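Engineer: Residue numbers (UniProt numbering): 1 to 67. Idealized CB from N, CA, C, for every residue including glycine. Model, not experiment: these values are computed from the prediction.
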């Protein structure tokens with residue numbers, strides 16, 4: 001049996017409401033990692049998936065994960 005460990009990263013999320021009332025969420029340390037939601041809670045939920053996708057993409061492309 002192979003035992004694997006998984007690193008946990010903590011990212012700062014920036015939230016900003018636009019003129020239409022939607023909430024934009026982004027992670028400045030992850031280039032291109034952003035999303036939006038109709039509420040703050042929704043934007044925070046969606047940014048979790050966006051972060052996962054960004055990090056998985058970095059790993060697949062062989063980019064270093066240096067946070």
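#1: Residue 47 and residue 13: beta carbons closer than 8 Å?
#2: In the DSSP assignment, what residue or residues form a beta bridge with residue 14?
#3: Taking the straight line between their C-alpha atoms, what separation do you get for residue 24 and residue 4?
#4: Measuring alpha carbon to alpha carbon, tell me which of 51, 60, 59 and 6 ends up nearest residue 30.
Structural biologist: For this structure:
#1: What you label residue 47 is simply residue 47 of the chain shown in a count that begins at 1. What you label residue 13 is simply residue 13 of the chain shown in a count that begins at 1. Yes.
#2: Reading the chain shown from its first residue, position 14 is the one you call residue 14. Here residue 14 is bridged, per DSSP, to 26.
#3: Sequence index remark: in the chain shown, residue 24 carries index 24 (1-based). Sequence index remark: in the chain shown, residue 4 carries index 4 (1-based). Going by C-alpha positions, residue 24 is about 35 Å away from residue 4.
#4: The residue given as residue 30 occupies position 30 in the chain shown. That would be 51, whose Cα lies nearest to the Cα of residue 30.
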